[in-house]
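For the sequence shown, my numbering assigns the number 513 to the initial residue and increments by one for each residue that follows.
Below is one structure, written out as structure tokens, with a few remarks after it.
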Amino acid sequence: MKKLWQKYKGVIIIFLIWIVIINFFALLSLNRFNLEADTAYNWIDPNQFYQEQKWDLVSLHARWDSFWYLDIAQNGYSLEYNPWGLYNIVFFPLYPFLIKAISFLTAGSFVLSGWILSSIFLLLALFYFFKLVREFHSEINPYLPIIFLLIFPTAFFLNVVYTESLFLFLSLATFYYGLKKKFIHAGIFGLFASLTRVTGILLFIPLIWEYLKNYTCKLKSVFNLKILPVFLIPLGTFSFFLYHYFKFGNFFLFFEIQKNWGRAFTLQKGHFDLFSNPAIVNFCLDILFVIFALIVLYFVFKKLRTSYGLYMLATLAVALSTGTLMSIGRYILVLFPIYILLASIKNQYLQQTLTFISILLLALYTVLFINNYWAG
513 MKKLWQKYKG VIIIFLIWIV IINFFALLSL NRFNLEADTA YNWIDPNQFY QEQKWDLVSL
573 HARWDSFWYL DIAQNGYSLE YNPWGLYNIV FFPLYPFLIK AISFLTAGSF VLSGWILSSI
633 FLLLALFYFF KLVREFHSEI NPYLPIIFLL IFPTAFFLNV VYTESLFLFL SLATFYYGLK
693 KKFIHAGIFG LFASLTRVTG ILLFIPLIWE YLKNYTCKLK SVFNLKILPV FLIPLGTFSF
753 FLYHYFKFGN FFLFFEIQKN WGRAFTLQKG HFDLFSNPAI VNFCLDILFV IFALIVLYFV
813 FKKLRTSYGL YMLATLAVAL STGTLMSIGR YILVLFPIYI LLASIKNQYL QQTLTFISIL
873 LLALYTVLFI NNYWAG
């Protein structure tokens with residue numbers, strides 16, 4: 513423990529300061545505003561999503577998709593009828609499994625279990641981020657990317673009952689060990705990432721790239737046993753779909769149910785029906801997220817590692833191919849090369865401007881989420 517403190521003292525201090533400030537701000541935001549229920553979209557039922565004011569620090573970490581993860585942790589996967597045609601099988605199993613596994617430590621409080629897990633995985637993600645930047649980007653202050661991550665507009669999702677912090681930790685660990693050519697470690701972490709969310713399988717692409725960089729074009733030198741651990745990554749997604757087949761009789765059930773959630777490989781016109789000012793604001797912010805990510809993607813390919821760019825490109829391609837921009841801010845949040853690039857900017861005025869804008873938007877998205885308004 514003493515060695516851990518000495519090695520990561522700065523990271524731990526930054527994490528503790530952030531976790532205290534963001535939760536204090538969230539608690540105040542929940543109880544200060546007398547807000548009506550969100551009416552940004554016609555699929556939001558004001559009676560269902562009205563948020564009561566209360567001084568409960570734990571419960572404020574469960575909103576929106578949190579309840580699906582909690583439902584899986586408590587009741588497992590189900591195709592029981594509900595009037596919305598929405599089913600929990602589109603949510604990957606690792607995070608709810610871990611919530612259930614530690615719930616005995618929290619006297620059966622699944623929300624508290626989820627919050628504790630998210631906080632722990634965020635800290636672990638920061639450790640790996642610090643190590644990755646220090647070892648592979650020595651020209652950059654390793655604390656700067658961490659700060660840019662924690663002030664990103666949707667960073668509050670790292671602190672709630674969502675998979676963001678777990679996935680960020682696993683993807684960073686996958687990259688870290690891949691860059692160190694420890695492909696067994698990378699493959700194992702990648703396997704867990706692909707059991708956490710659907711985009712986890714995309715880690716296969718940059719890892720294969722990093723592997724192939726170490727060998728010549730001769731087929732004999734490329735195809736050897738060292739490449740096998742990389743193929744653990746798609747195994748996570750495949751095993752989840754295989755579970756669907758054995759339990760529900762449909763290997764492709766995930767994709768069919770995703771359509772009910774408004775995600776399919778066709779344009780979801782309903783999400784572009786901007787009949788209210790709040791919907792217009794959300795849409796404009798989502799567009800800005802996409803523009804920002806595409807600009808960063810260009811410079812990541814130009815200035816950082818190709819594997820970073822491939823990972824970002826694949827993730828953005830999947831996110832944008834679902835026919836909607838909703839939740840794009842969360843998809844972008846876990847793309848860690850963004851923060852390495854921001855930390856490498858030499859122009860202090862540009863860095864400070866981006867910091868100021870990001871903090872303001874972080875406050876906005878935190879207030880939205882805490883008060884049960886759509887935030888991504």
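Even glycine gets a Cβ: it sits at the ideal position worked out from N, Cα and C.
These numbers were taken from a predicted model, which means no experiment stands behind them.
- The criterion of a C-beta distance shorter than 8 angstroms is not satisfied by S650 and E722.
- Secondary structure of P654 (DSSP, three-state): coil.
- Contact between F801 and I871 does not hold, since their C-beta atoms are separated by about 16 angstroms, which reaches or exceeds 8 angstroms.
- Only residues of its own chain outside the window of five on either side were considered, and among them N600 and F603 have a CB closer than 7 angstroms to the CB of W580, listed in chain order.
- A direct Cα-to-Cα measurement between R575 and K725 gives close to 43 angstroms.
- W567 counts as exposed, since fewer than 16 other C-beta atoms from the protein chains shown sit within 10 angstroms of its C-beta.
- DSSP places T818 in the helix class (H, G or I) of the three-state scheme.
- The DSSP-derived three-state label of W886 is coil.
- According to the DSSP assignment, I713 belongs to no alpha helix (DSSP H), since it is labelled neither H nor E.
- Contact between the region 850–862 and the region 640–659 is established, with three or more Cβ pairs separated by less than 8 angstroms.
- Per DSSP, reduced to three states, the secondary structure at T834 is coil, with no helix or strand assignment.
- Rounded to whole angstroms, the separation of the alpha carbons of Y589 and V846 is 26 angstroms.
- If you look at L542, you'll find it in the alpha helix (DSSP H) that goes K514 to R544.
- Comparing alpha carbon positions, the residue from A805, I869 and A791 closest to A887 is A791.
- For A698, the enclosing alpha helix (DSSP H) covers residues F695 to S706.
- Under the 8 angstroms Cβ criterion, the region 681–691 counts as touching the region 637–645, having at least three qualifying pairs.
- Taking the CA atoms as reference points, I739 sits about 48 angstroms from L539.
- Under the three-state reduction of DSSP, E592 is assigned to coil, being neither helix nor strand.
- Straight-line spacing of the CA atoms in I700 and L744 works out to 7 angstroms.
- Distance from A826 to L714 at the Cβ level is roughly 4 angstroms; contact confirmed, criterion being Cβ atoms closer than 8 angstroms.
- DSSP, read as helix, strand or coil, puts D798 in helix.
- In this structure the region 862–882 does not touch the region 829–836; the number of beta carbon pairs closer than 8 angstroms is below three.
- Within the region 607–685, complete alpha helix (DSSP H) segments of at least 4 residues are found at 622–648 and 655–662, given in chain order.
- In the DSSP assignment, A585 falls within the unbroken alpha helix (DSSP H) covering S578 to N587.
- If the five residues before and after N762 are omitted, its C-beta is found closer than 8 angstroms to the C-beta atoms of H756 and E768, all from its own chain and listed in chain order.
- Annotation for P608: Y581, I584 and A585 place their beta carbon closer than 6 angstroms to its own, counting only its chain and skipping 5 residues before and after.
- Remark: C-beta atoms of I663 and L874 approach each other more closely than 8 angstroms.
- Shown here for I611: same chain residues with a beta carbon closer than 6 angstroms to its own, the five before and five after excluded, namely A585, F622, S625 and G626 in chain order.
- Between N671 and N535 a beta carbon distance of about 7 angstroms is seen, short of the 8 angstroms cut, so the two are scored as contacting.
- In the three-state reduction of the DSSP assignment, R575 falls in the coil class.
- The Cβ atoms of F641 and F811 do not sit closer than 8 angstroms to each other.
- S541 sits close to V879, with the two beta carbons spaced by under 8 angstroms.
- By the CB criterion at 8 angstroms, G748 and L719 fall outside the cutoff.
- For K738, no alpha helix (DSSP H) segment is defined, and its DSSP state is neither H nor E.
- For the set K519, A685, L598 and S677, the Cα lying nearest the Cα of I628 is the one of S677.
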